[in-house]
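Here the protein sequences line up with chains A and B, keeping their order. All residue numbers for the first sequence refer to my numbering, where the first residue is 3 and numbers rise by one. All residue numbers for the second sequence refer to my numbering, where the first residue is 3 and numbers rise by one. Each residue gets a CB set at the ideal place from its N, CA and C atoms; glycine is no exception. Please read the structure below before turning to the comments.
There are 2 protein chains.
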Amino acid sequence: MAVTIRDVAEQAGVSIATASRVLTGSKNVSADLVARVDESARELGYRHNAVARALRRGCTNTVGMIVPEIGNPFFPAIVEAVERRLQTTGRDLLLCDSQQDPAIEHSRVMALVDRQVDGLIIVPVSATESHTAMEKAVGHTPIVQIDRYVEEFAADWVGVDDELGISQTVEHVASLGARTMAMVSATLDSSAALRRHAGFEKALTRLGLPLDGPRLLGTFRAEWGRVAACQLLESGSLPDAIICGNDEIAVGLLGELRRNQIRVPQDVLVTGFDDIRFAEMTDPPLTTVRQPHEQLASEALRLLDARIAQHDLPVQRISVAPSLVVRQSTEGHA
Amino acid sequence: MAVTIRDVAEQAGVSIATASRVLTGSKNVSADLVARVDESARELGYRHNAVARALRRGCTNTVGMIVPEIGNPFFPAIVEAVERRLQTTGRDLLLCDSQQDPAIEHSRVMALVDRQVDGLIIVPVSATESHTAMEKAVGHTPIVQIDRYVEEFAADWVGVDDELGISQTVEHVASLGARTMAMVSATLDSSAALRRHAGFEKALTRLGLPLDGPRLLGTFRAEWGRVAACQLLESGSLPDAIICGNDEIAVGLLGELRRNQIRVPQDVLVTGFDDIRFAEMTDPPLTTVRQPHEQLASEALRLLDARIAQHDLPVQRISVAPSLVVRQSTEGHA
DNA sequence: ACCATTTGGGTAAACGTTTACCCCTTCTCT
DNA sequence: AGAGAAGGGGTAAACGTTTACCCAAATGGT
Chain A
3 MAVTIRDVAE QAGVSIATAS RVLTGSKNVS ADLVARVDES ARELGYRHNA
53 VARALRRGCT NTVGMIVPEI GNPFFPAIVE AVERRLQTTG RDLLLCDSQQ
103 DPAIEHSRVM ALVDRQVDGL IIVPVSATES HTAMEKAVGH TPIVQIDRYV
153 EEFAADWVGV DDELGISQTV EHVASLGART MAMVSATLDS SAALRRHAGF
203 EKALTRLGLP LDGPRLLGTF RAEWGRVAAC QLLESGSLPD AIICGNDEIA
253 VGLLGELRRN QIRVPQDVLV TGFDDIRFAE MTDPPLTTVR QPHEQLASEA
303 LRLLDARIAQ HDLPVQRISV APSLVVRQST EGHA
Chain B
3 MAVTIRDVAE QAGVSIATAS RVLTGSKNVS ADLVARVDES ARELGYRHNA
53 VARALRRGCT NTVGMIVPEI GNPFFPAIVE AVERRLQTTG RDLLLCDSQQ
103 DPAIEHSRVM ALVDRQVDGL IIVPVSATES HTAMEKAVGH TPIVQIDRYV
153 EEFAADWVGV DDELGISQTV EHVASLGART MAMVSATLDS SAALRRHAGF
203 EKALTRLGLP LDGPRLLGTF RAEWGRVAAC QLLESGSLPD AIICGNDEIA
253 VGLLGELRRN QIRVPQDVLV TGFDDIRFAE MTDPPLTTVR QPHEQLASEA
303 LRLLDARIAQ HDLPVQRISV APSLVVRQST EGHA
């Protein structure tokens with residue numbers, strides 16, 4: 003069987019309490035006992051039992067995280083940043099994939115609550131349907147939303163200013179002479195889709211550009227970008243620019259355009275959102291909106307830790323400014 | 003405070019033992035008590051404490067997983083498959099990123115062991131240096147390696163047959179008339195890099211093709227693919243085909259070739275490995291070797307569960323056959 | 001009608017820690 | 001030298017479950 007603190011104490015000839023004190027690095031224990039206990043622990047290969055400790059201490063040193071789809075490269079980027087940051091404080095990450103399904107999301111939230119995670123970082127699937135899961139969780143554990151948020155529910159959030167991000171792309175392509183624009187994005191379930199869509203409309207209005215261009219709303223996946231490209235092509239006339247809701251869509255769309263001998267940026271400008279790892283490797287490299295993963299992760303954990311320290315803090319919504327990354331999918335138009 | 007089983011028992015007017023029996027669905031408890039307890043639990047919003055349960059039962063219903071780099075899209079694909087499969091058995095995933103560093107990997111392994119995970123799924127960073135971490139873990143918890151393995155160490159493994167996969171690409175391009183081939187891959191630290199390299203050499207030998215082509219070994223990242231492309235271009239003469247160690251490398255390489263007006267597949271054939279999500283979206287779409295994620299994940303869990311059930315099972319190494327996916331990066335050569 | 005068996009449910013121990021509380025030394029200060 | 005403080009270390013309770021063990025009642029068979 004596994005060696006416990008009792009074995010260590012016995013071997014060192016001290017009480018369990020003393021062994022514990024040594025092993026947790028408490029003061030008030032004489033140097034020779036520290037040596038004896040440490041020695042015994044080393045000899046026996048003692049490892050503390052985190053489960054027992056968690057039960058006693060009432061804190062698991064674990065943070066739960068739920069993302070809609072690990073396969074979408076934007077989320078691993080966030081997960082990676084969060085995980086790295088957690089490691090520096092000796093905590094681990096319990097990761098769940100809600101598979102874009104509010105019901106699964108709900109069950110994952112409860113599972114993490116049951117596991118007594120110290121806090122929860124969630125990218126809610128839906129702006130409306132993720133409501134109940136959040137509500138349930140919030141009574142049990144500190145929670146912060148990242149990237150997306152749910153409507154009409156007061157919980158911390160940190161994310162990029164989606165409206166601003168999209169405006170930047172719209173203004174950018176407008177400055178290059180684009181007047182007619184299509185948007186290809188996801189259906190308006192998530193806050194991300196909603197805000198990006200809203201940003202698109204507002205920017206067009208502000209610039210006095212026509213509002214009657216196509217709005218193709220599907221999912222945040224490349225396959226949808228491909229399908230949407232087909233639809234645009236079938237409609238007969240291409241707009242001056244296609245603003246995509248994220249990079250994955252743009253990638254799929256670029257592929258389909260290429261297959262149809264449409265040249266980007268000469269025939270149409272294309273932009274994405276997220277600046278995923280492959281955005282600079284597409285053909286042509288994709289103009290997009292960069293999300294600062296590290297900053298998002300660190301802000302999220304800052305918020306979470308603040309709330310862990312004090313549960314009844316006022317709700318904060320931190321939106322960080324994204325930055326436009328201009329690449330060839332909009333350059334060299336002239 | 004949180005509501006415990008004691009509260010439920012009190013409210014239902016039964017002993018804690020009975021409440022527990024009801025809530026864990028044991029037999030031997032009368033129908034009306036079941037009703038009373040369930041009712042109380044519902045009323046009070048009782049959730050069992052998984053930490054306490056784990057301590058008592060000696061099993062956490064948690065599986066740990068360590069990958070070298072979540073950012074590399076191949077790993078999220080595996081993680082996603084594993085996680086989905088775990089959900090069906092009510093278990094959760096404790097995910098760690100070893101950041102390609104054996105030292106970090108070692109500390110993550112121990113952290114997961116401390117947390118009493120029921121089992122460990124690991125993609126070892128290095129074929130040699132991950133040895134100590136594995137050795138330590140194996141005494142504590144069932145463990146299965148996935149994708150990569152460590153040398154000279156008997157632990158379960160499931161992965162794709164790397165040599166076979168690479169052979170398929172080599173034979174494929176050879177059948178298209180390629181005689182000189184370069185390999186662009188990662189340094190031979192990991193079993194994946196090793197086996198793919200070996201497969202490359204063996205295939206060339208078997209086919210009687212020249213063995214003196216360039217072997218550029220760096221990392222499994224796109225940036226390295228880009229740099230390697232530069233080196234190949236500077237060397238003056240391009241080979242007939244470039245066999246890449248994974249898709250990420252191929253993506254970076256394709257980008258750089260394009261920038262230099264090298265046409266693929268007309269001027270050179272290019273292949274990848276993994277069939278990541280974006281392999282069919284590159285320009286041109288990438289011929290590659292598909293890894294069956296779902297199958298790998300399910301085999302890994304099967305192995306793990308078998309070993310959880312019985313620790314002293316004979317070690318198994320399951321290699322599944324990969325399949326070549328031919329796309330335009332090698333087609334239309336003629 | 002009596003014994004043997006089953007069924008239902010309570011008592012308490014156990015899982016491996018941490019820590020409040022207490023006691024005994026050993027200082028330090030007057 | 002005596003009182004008080006401080007340091008060191010042991011005892012035992014607690015964290016929230018599950019479950020072995022036990023006893024009482026009910027059931028069934030003769």
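Counting only beta-carbon separations shorter than 8 Å, does residue i have a partner in chain B?
i                        : result
arginine 260 of chain A  : yes
proline 78 of chain A    : yes
aspartate 163 of chain A : no
cysteine 98 of chain A   : yes
glutamate 41 of chain A  : no
valine 115 of chain A    : yes
alanine 336 of chain A   : Residue placement at alanine 336 of chain A cannot be trusted, given a pLDDT of 43 that sits under 50; the coordinates are not used to answer.
proline 75 of chain A    : yes
leucine 306 of chain A   : no
Let's see if you can read the secondary structure: which residues bound the beta strand (DSSP E) around residue i?
i                         : result
isoleucine 72 of chain A  : Counting along the chain, isoleucine 72 of chain A falls outside any beta strand (DSSP E), and DSSP gives it neither H nor E.
arginine 292 of chain A   : 290-292
threonine 189 of chain B  : It is not in any beta strand (DSSP E) - threonine 189 of chain B carries neither H nor E in the DSSP assignment.
isoleucine 245 of chain A : 243-246
With a threshold of 8 Å between beta carbons, is residue i in contact with chain A?
i                            : result
glutamate 85 of chain B      : yes
histidine 108 of chain B     : no
glutamine 118 of chain B     : yes
aspartate 277 of chain B     : no
phenylalanine 280 of chain B : yes
methionine 283 of chain B    : yes
threonine 134 of chain B     : no
isoleucine 310 of chain B    : no
Under three-state DSSP, which class holds residue i?
i                         : result
serine 1 of chain A       : Missing from the structure shown is residue 1 of chain A; chain A here goes from 3 to 336 and no further.
cysteine 232 of chain A   : helix
aspartate 337 of chain B  : The structure shown does not extend to residue 337 of chain B, since chain B is modelled only from 3 to 336, so the question has no answer here.
arginine 217 of chain B   : strand
valine 152 of chain B     : coil
arginine 58 of chain A    : helix
isoleucine 264 of chain A : coil
aspartate 120 of chain B  : coil
arginine 337 of chain B   : This structure gives no information on residue 337 of chain B, because the portion of chain B shown stretches from 3 to 336.
glycine 66 of chain A     : strand
aspartate 277 of chain A  : coil
valine 172 of chain B     : helix
leucine 178 of chain B    : coil
serine 28 of chain B      : coil
leucine 240 of chain A    : coil
serine 325 of chain A     : strand
valine 53 of chain A      : helix
valine 270 of chain A     : coil
valine 140 of chain B     : helix
Taking 8 Å as the limit between beta carbons, can you name the residues of its chain near residue i, skipping five residues before and five after?
i                         : result
histidine 335 of chain B  : Only weak support is given to the placement of histidine 335 of chain B: the predicted model assigns it a pLDDT of 45, under 50, and the question is left unresolved by the model.
aspartate 138 of chain A  : Going by the sequence as given, residue 138 of chain A is lysine instead of aspartate. If we look at lysine 138 of chain A and ignore the five residues flanking it on each side, its Cβ neighbours are His108, Val111, Met112, Val115.
threonine 284 of chain A  : Ala252, Val253, Leu256, Ser331
asparagine 262 of chain B : Ala231, Leu235
Under 6 Å Cβ to Cβ from residue i, same chain only, skipping five residues before and after it: list those, please.
i                      : result
alanine 14 of chain B  : Arg38, Val39, Ser42
leucine 209 of chain B : Ala176
leucine 276 of chain A : The sequence given here places aspartate at residue 276 of chain A; leucine does not occur at that position. Contacts found: Phe76, Asn248, Asp249, Gln293.
Within the continuous alpha helix (DSSP H) that includes residue i, where are the two ends?
i                      : result
alanine 129 of chain B : That residue, alanine 129 of chain B, is in no alpha helix (DSSP H); it is neither H nor E in DSSP.
serine 331 of chain A  : Careful: serine 331 of chain A lies outside any alpha helix (DSSP H) and carries neither H nor E.
alanine 308 of chain B : 295-311
lysine 204 of chain A  : 193-209
alanine 37 of chain A  : 33-46
alanine 11 of chain B  : 7-14
Open item on the list: Under 8 Å: do the region 272-289 of chain B and the region 115-135 of chain B share three or more Cβ pairs, one atom per stretch?
Closed with: The region 272-289 of chain B vs the region 115-135 of chain B: no contact.
Open item on the list: Count Cβ pairs between the region 181-199 of chain B and the region 313-323 of chain B that sit closer than 8 Å; are there 3 or more?
Closed with: Proximity of the region 181-199 of chain B to the region 313-323 of chain B falls short of the contact definition, fewer than three beta-carbon pairs being nearer than 8 Å.
TODO: Would you check if there are 3 or more beta carbon pairs closer than 8 Å linking the region 73-82 of chain B to the region 45-58 of chain B?
DONE: No, because fewer than three Cβ pairs between the region 73-82 of chain B and the region 45-58 of chain B fall closer than 8 Å, the two stretches do not touch.
Open item on the list: Taking 8 Å as the cut-off, does the region 93-100 of chain A touch the region 154-173 of chain A (at least 3 CB pairs, one atom from each stretch)?
Closed with: When Cβ pairs closer than 8 Å are counted between the two stretches, the region 154-173 of chain A is seen not to touch the region 93-100 of chain A, the count staying below three.
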